[in-house]
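Chemist: Protein chains in written order, with our numbering: chain A, 1 to 366; chain B, 1 to 366.
Number of protein chains: 2
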Amino acid sequence: MRIGILGGGQLGRMLALAGIPLGLQFRFLDPEASACAADAGELIVGDYTDTATLDRFLDGVDCVTYEFENVPLVTAEYVSARVPLYPSARSLEVAQDRLEEKTRFQALGIPTPRFAAVDSRSELDEALRIVGGSAILKTRRLGYDGKGQARIESAEDADTAWGQLGGQPLILEERIMFARELSILVARARDNSIAFYPLTENHHRDGILRLSLAPAPGITLDLQNLATRIGHALLRDLGHVGVLAVELFQVPGGLMANEIAPRVHNSGHWTIDGAVTSQFENHLRAILGLTLGDVSPIGRSAMLNFIGDAPDISQLSGVPGAHVHLYRKDARPGRKVGHVTLVGADEAGLMPKVAALQRMADTITS
Amino acid sequence: MRIGILGGGQLGRMLALAGIPLGLQFRFLDPEASACAADAGELIVGDYTDTATLDRFLDGVDCVTYEFENVPLVTAEYVSARVPLYPSARSLEVAQDRLEEKTRFQALGIPTPRFAAVDSRSELDEALRIVGGSAILKTRRLGYDGKGQARIESAEDADTAWGQLGGQPLILEERIMFARELSILVARARDNSIAFYPLTENHHRDGILRLSLAPAPGITLDLQNLATRIGHALLRDLGHVGVLAVELFQVPGGLMANEIAPRVHNSGHWTIDGAVTSQFENHLRAILGLTLGDVSPIGRSAMLNFIGDAPDISQLSGVPGAHVHLYRKDARPGRKVGHVTLVGADEAGLMPKVAALQRMADTITS
Numbered sequence: 001m002r003i004g005i006l007g008g009g010q011l012g013r014m015l016a017l018a019g020i021p022l023g024l025q026f027r028f029l030d031p032e033a034s035a036c037a038a039d040a041g042e043l044i045v046g047d048y049t050d051t052a053t054l055d056r057f058l059d060g061v062d063c064v065t066y067e068f069e070n071v072p073l074v075t076a077e078y079v080s081a082r083v084p085l086y087p088s089a090r091s092l093e094v095a096q097d098r099l100e101e102k103t104r105f106q107a108l109g110i111p112t113p114r115f116a117a118v119d120s121r122s123e124l125d126e127a128l129r130i131v132g133g134s135a136i137l138k139t140r141r142l143g144y145d146g147k148g149q150a151r152i153e154s155a156e157d158a159d160t161a162w163g164q165l166g167g168q169p170l171i172l173e174e175r176i177m178f179a180r181e182l183s184i185l186v187a188r189a190r191d192n193s194i195a196f197y198p199l200t201e202n203h204h205r206d207g208i209l210r211l212s213l214a215p216a217p218g219i220t221l222d223l224q225n226l227a228t229r230i231g232h233a234l235l236r237d238l239g240h241v242g243v244l245a246v247e248l249f250q251v252p253g254g255l256m257a258n259e260i261a262p263r264v265h266n267s268g269h270w271t272i273d274g275a276v277t278s279q280f281e282n283h284l285r286a287i288l289g290l291t292l293g294d295v296s297p298i299g300r301s302a303m304l305n306f307i308g309d310a311p312d313i314s315q316l317s318g319v320p321g322a323h324v325h326l327y328r329k330d331a332r333p334g335r336k337v338g339h340v341t342l343v344g345a346d347e348a349g350l351m352p353k354v355a356a357l358q359r360m361a362d363t364i365t366s
Numbered sequence: 001m002r003i004g005i006l007g008g009g010q011l012g013r014m015l016a017l018a019g020i021p022l023g024l025q026f027r028f029l030d031p032e033a034s035a036c037a038a039d040a041g042e043l044i045v046g047d048y049t050d051t052a053t054l055d056r057f058l059d060g061v062d063c064v065t066y067e068f069e070n071v072p073l074v075t076a077e078y079v080s081a082r083v084p085l086y087p088s089a090r091s092l093e094v095a096q097d098r099l100e101e102k103t104r105f106q107a108l109g110i111p112t113p114r115f116a117a118v119d120s121r122s123e124l125d126e127a128l129r130i131v132g133g134s135a136i137l138k139t140r141r142l143g144y145d146g147k148g149q150a151r152i153e154s155a156e157d158a159d160t161a162w163g164q165l166g167g168q169p170l171i172l173e174e175r176i177m178f179a180r181e182l183s184i185l186v187a188r189a190r191d192n193s194i195a196f197y198p199l200t201e202n203h204h205r206d207g208i209l210r211l212s213l214a215p216a217p218g219i220t221l222d223l224q225n226l227a228t229r230i231g232h233a234l235l236r237d238l239g240h241v242g243v244l245a246v247e248l249f250q251v252p253g254g255l256m257a258n259e260i261a262p263r264v265h266n267s268g269h270w271t272i273d274g275a276v277t278s279q280f281e282n283h284l285r286a287i288l289g290l291t292l293g294d295v296s297p298i299g300r301s302a303m304l305n306f307i308g309d310a311p312d313i314s315q316l317s318g319v320p321g322a323h324v325h326l327y328r329k330d331a332r333p334g335r336k337v338g339h340v341t342l343v344g345a346d347e348a349g350l351m352p353k354v355a356a357l358q359r360m361a362d363t364i365t366s
């Protein structure tokens with residue numbers, strides 16, 4: 001069976017590495033000839049909206065999925081008219097637009113920061129009155145890793161933010177004083193069965209995920225259940241098939257949903273080495289109509305991203321127990337080029353190793 | 001960095017799946033266009049002794065290894081004159097010839113069944129007097145999975161065995177009444193550092209490995225140490241770099257060495273899912289001059305081979321906790337086409353699942 005993946009980055013690469021042992025073959029579509037997934041499958045280089053390219057990509061493919069949420073909707077429609085596409089275009093549609101996304105949260109009764117659509121300078125002032133004094137102005141579409149965002153704390157900030165982002169559909173969001181950032185990865189199979197990983201604690205630096213701890217330390221059963229209910233509500237509402245990531249804020253009294261990703265997610269990379277079945281394998285199981293695999297963690301995991309550049313494999317191989325994942329991407333500021341996962345019996349034992357890896361990474365990129 | 005692998009079967013495939021996350025790329029050389037490693041790298045189809053093919057294979061490759069011990073020595077010499085080859089031709093030379101192999105065991109003081117070279121019918125009679133009445137006549141070269149072997153218990157058996165195998169270099173080996181078959185996987189890096197996995201218990205059916213349990217149940221520290229000493233002696237004697245598998249018999253009073261494989265080995269497949277670092281990753285770490293990874297098991301593992309044919313992924317996905325490995329090889333009697341590993345806290349919990357998988361497999365192949 002051959003799986004087509006829209007996008008040929010590290011998520012596609014890791015999907016293939018999880019799927020080849022299941023007897024699957026992979027084909028990727030990516031505009032870049034250097035797409036790193038090519039190490040684990042066939043790469044078609046071309047534009048996502050070029051129908052000749054799409055036909056070539058789809059020829060002999062049994063099922064299609066995607067590794068990024070900004071797949072053009074026309075592409076999703078073209079594909080799904082020919083080959084089963086999971087998750088469906090509906091998940092893309094909601095995830096591509098922050099306003100749609102937050103509106104769904106609200107409709108489903110999922111707590112989310114206050115928000116308002118902003119399409120003009122005067123709407124920004126109005127939105128600031130609704131949302132409150134401490135806010136973030138964001139593009140509704142195509143933002144990731146903290147890009148397309150501006151903080152607003154004062155009237156002058158509003159002008160600056162508008163100067164920076166104005167002229168495209170925007171959303172103003174309340175800036176939440178959260179205790180910590182969490183995420184939950186949930187998977188829904190074609191038979192409607194659902195599985196969820198334990199909550200993961202995420203730490204960002206410059207808007208980019210740097211460190212994930214899983215299971216998130218000190219999570220009560222109530223909080224895990226709350227996250228699971230949020231995940232399930234979204235899966236059912238979207239008719240989502242595959243893995244869905246929900247980014248959450250832990251706030252006094254519970255959780256707030258921040259955003260979703262209708263795909264495997266960086267905060268779930270720890271599952272490759274730290275869970276019985278990885279998010280990548282479970283995404284494939286879900287979209288192929290197979291039974292979902294055991295999502296139990298096998299210990300406590302810490303996943304550290306390498307951003308911009310990564311230490312050499314000869315350095316990394318010297319860190320006892322480090323599970324190394326290098327994506328073979330050229331170094332570039334802000335780019336995720338690899339990660340390492342450590343698995344142990346408790347966080348206390350992991351943290352000194354994480355700190356050493358962090359110093360190793362900082363030496364490379366500074 | 002690009003690694004060349006002589007042979008494109010499932011061992012090459014699993015080496016690549018372990019190496020791609022380290023940032024490595026793979027190229028395979030195999031005479032078969034259908035070689036299953038092609039899913040995880042570039043496949044060159046051609047003969048191992050054709051220099052034009054070898055030149056194409058070696059072009060741009062940084063290091064070469066092999067996934068089967070019957071690589072022609074002329075190939076190993078041609079390759080190693082151009083690119084670093086690990087393990088070296090010396091390991092191949094010894095492993096390719098049962099007489100060489102057993103002679104090395106003897107020279108190193110490693111207990112092994114009695115044996116004698118047999119090149120003529122009269123030498124067979126003489127050998128039977130030395131070795132004893134219950135023996136196995138084997139081809140010295142190219143035997144695997146029980147092929148090229150004949151049991152001898154009587155004078156008539158000797159005639160039959162000679163009729164079957166005579167006319168090529170043979171070895172007669174004492175048939176040992178062992179308690180069980182074990183194996184140990186050891187790895188030696190380029191800096192001479194050594195790592196070893198726990199002893200594995202192996203069960204064969206029709207001469208083909210069917211089930212491995214690791215760590216082997218009820219192993220004393222003395223026995224593990226004895227196996228480790230055997231492994232270390234062989235690694236040092238051969239100047240071996242990479243993983244080496246030693247097949248052993250447990251006998252009253254200790255262990256006897258049966259044979260070696262100078263490569264990753266079927267009885268080490270459990271390490272993919274059941275150890276911190278797999279035999280495949282450690283083989284690559286060893287040959288690339290990296291630090292060897294942690295060989296600790298993460299629980300008790302049971303690995304079941306699928307021979308001839310394998311259940312469908314849709315059936316296998318329904319077995320909770322089963323780590324599925326299908327090689328995408330066509331069904332054929334006696335052929336290893338996949339395996340499943342189960343990892344748990346104790347064997348008692350694993351065995352019912354193993355039995356269910358065994359029944360599933362038997363239904364397919366019967």
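Backbone N, C-alpha and C fix where the C-beta goes; we use that ideal spot for every residue, glycine too. None of these values were measured; they are calculated from a predicted model.
Between A/Asp62 and the rest of its own chain, which residues show a CB-CB distance below 6 Å, the 5 nearest in sequence each way excluded?
Modeler: These residues qualify, in order along the chain: Met1, Arg2.
Chemist: In this structure, how does DSSP classify B/Ala310 when only helix, strand and coil are distinguished?
Modeler: If DSSP states are grouped into helix, strand and coil, B/Ala310 belongs with coil.
Chemist: Express the C-alpha separation of A/Pro198 and A/Ala257 in angstroms, rounding to a whole number.
Modeler: Looking at the two C-alpha atoms, the distance is approximately 16 Å.
Chemist: Would you list, in chain order, the members of the region 266 to 285 of chain A that have their beta-carbon closer than 7 Å to a beta-carbon of chain B?
Modeler: Listed in sequence order: Val276, Arg285.
Chemist: Is there a C-beta anywhere in chain A that falls below 8 Å from the one on B/Pro72?
Modeler: So, not an interface residue.
Chemist: Measuring straight from C-alpha to C-alpha, what distance separates B/Asn202 and B/Ser212?
Modeler: The alpha-carbon atoms of B/Asn202 and B/Ser212 are separated by roughly 5 Å.
Chemist: Would B/Leu226 pass as a contact of B/Leu235 if the rule is Cβ separation under 8 Å?
Modeler: No. Outside cutoff.
Chemist: Which residue marks the beginning of the alpha helix (DSSP H) containing B/Asn225, and which one marks its end?
Modeler: First-last of the alpha helix (DSSP H) with B/Asn225: 221 to 238.
Chemist: When DSSP labels each residue in this structure, what does B/Arg98 get in the three-state scheme?
Modeler: In this structure, B/Arg98 counts as helix in the three-state DSSP scheme.
Chemist: Give every residue of the same chain whose Cβ lies closer than 6 Å to the Cβ of B/Arg190, excluding the five residues on either side of it in the sequence, and list them in chain order.
Modeler: Answer for B/Arg190: Val241, Gly289, listed in chain order.
Chemist: Three Cβ pairs or more, each shorter than 8 Å: is that satisfied between the region 260 to 271 of chain A and the region 108 to 128 of chain A?
Modeler: No, the region 260 to 271 of chain A does not touch the region 108 to 128 of chain A.
Chemist: Quick check: is the beta carbon of B/Ser301 nearer than 8 Å to any beta carbon in chain A?
Modeler: Not closer than 8 Å to any Cβ of chain A, the Cβ of B/Ser301 fails to qualify, so no.
Chemist: Could you give the first and the last residue of the continuous beta strand (DSSP E) run that contains A/Thr372?
Modeler: The displayed coordinates of chain A run from 1 to 366. Any statement about residue 372 of chain A would go beyond what the structure contains.
Chemist: Output, in sequence order along the chain, the residues in the region 321 to 343 of chain B whose CB is closer than 9 Å to any CB in chain A.
Modeler: Those residues of the region 321 to 343 of chain B that come within reach of chain A (Cβ to Cβ, closer than 9 Å) are Gly321, Ala322, His323, Val324, His325, Leu326, Tyr327, Arg328, Gly338, Val343.
Chemist: In the DSSP assignment, what residue or residues form a beta bridge with A/Arg180?
Modeler: A/Gln250, per the DSSP bridge assignment.
Chemist: Would you give the residue range spanned by the beta strand (DSSP E) that B/Ser80 belongs to?
Modeler: That residue, B/Ser80, is in no beta strand (DSSP E); its alpha helix (DSSP H) goes 73 to 80.
Chemist: Given a limit of 8 Å on CB to CB distance, which residues of the region 117 to 136 of chain B reach chain A?
Modeler: Cβ contacts with chain A: none found.
Chemist: Please report the distance separating the alpha-carbon of A/Arg90 from that of A/Glu100.
Modeler: Looking at the two C-alpha atoms, the distance is approximately 11 Å.
Chemist: List the DSSP bridge partners of B/Gln25.
Modeler: Bridge partners of B/Gln25: B/Arg2.
Chemist: What residues match up with B/Phe105 in a beta bridge as DSSP calls it?
Modeler: Beta-bridge pairing links B/Phe105 to no other residue.
Chemist: Got a sec, what are the start and stop residues for the beta strand (DSSP E) A/Gln149 sits in?
Modeler: 149 to 152 is the span of the beta strand (DSSP E), which, as asked, contains A/Gln149.
Chemist: Quick check: is the beta carbon of A/Ser314 nearer than 8 Å to any beta carbon in chain B?
Modeler: It does: the Cβ of A/Ser314 has a partner Cβ on chain B nearer than 8 Å.
Chemist: A/Ala367 by DSSP, collapsed to three states: which one?
Modeler: Any answer about residue 367 of chain A is impossible in this case: the structure gives chain A only from 1 up to 366.
Chemist: Tell me, please, whether the region 10 to 22 of chain B touches the region 8 to 25 of chain A by the rule of three or more beta-carbon pairs shorter than 8 Å.
Modeler: Short answer: they touch.
Chemist: Whole angstroms is fine: what's the gap from B/Arg300's alpha carbon to B/Gln315's?
Modeler: The alpha-carbon atoms of B/Arg300 and B/Gln315 are separated by roughly 23 Å.
Chemist: Out of B/Val340, B/Pro333, B/Ala216, B/Thr228, which has the shortest C-alpha to C-alpha gap to B/Asp346?
Modeler: Cα-wise, what sits closest to B/Asp346 is B/Ala216.
Chemist: In chain order, what residues of the same chain have a beta carbon less than 8 Å from the beta carbon of A/Thr51, not counting five sequence neighbours either side?
Modeler: Tyr78, listed in sequence order.
Chemist: Comparing C-alpha positions only, which one of A/Ala214, A/Ala135, A/Thr139 sits nearest to A/Arg151?
Modeler: Looking at the Cα atoms, A/Ala135 is the closest of the given residues.
Chemist: May I ask which residues mark the beginning and end of the alpha helix (DSSP H) holding B/Gly163?
Modeler: Where B/Gly163 is concerned, the enclosing alpha helix (DSSP H) stretches over 155 to 165.
Chemist: Determine which residues of the region 13 to 35 of chain B have a Cβ less than 9 Å from any Cβ of chain A, and write them out in chain order.
Modeler: Correct list: Arg13, Met14, Ala16, Leu17, Ile20, Pro21, Leu22, Gly23, Leu24, Gln25, Phe26.
Chemist: If you run the structure through DSSP and keep just helix, strand and coil, what is B/Ile364?
Modeler: Helix.
Chemist: Could you pull the start and end residues of the alpha helix (DSSP H) that B/Leu124 belongs to?
Modeler: First-last of the alpha helix (DSSP H) with B/Leu124: 121 to 131.
Chemist: Does any residue of chain B bring its CB to less than 8 Å from the CB of A/Thr65?
Modeler: For A/Thr65, the answer is no, since every Cβ of chain B falls outside 8 Å of its Cβ.
Chemist: Report all residues from its chain with a CB closer than 7 Å to the CB of A/Glu69; omit the five preceding and five following residues, and keep chain order.
Modeler: Within the same chain, A/Glu69 has close Cβ partners Leu92, Ala95, Gln96, Ala261, Pro262, Arg263.
Chemist: Taking the alpha carbon of A/Arg332 as the point to measure from, which residue in A/Pro320, A/Gly349, A/Asp309, A/Val324 has its own alpha carbon closest?
Modeler: Nearest option by C-alpha distance: A/Asp309.
Chemist: For B/His325, report the span of its alpha helix (DSSP H) as first-last.
Modeler: Per DSSP, B/His325 belongs to no alpha helix (DSSP H); it is in the beta strand (DSSP E), 323 to 326.
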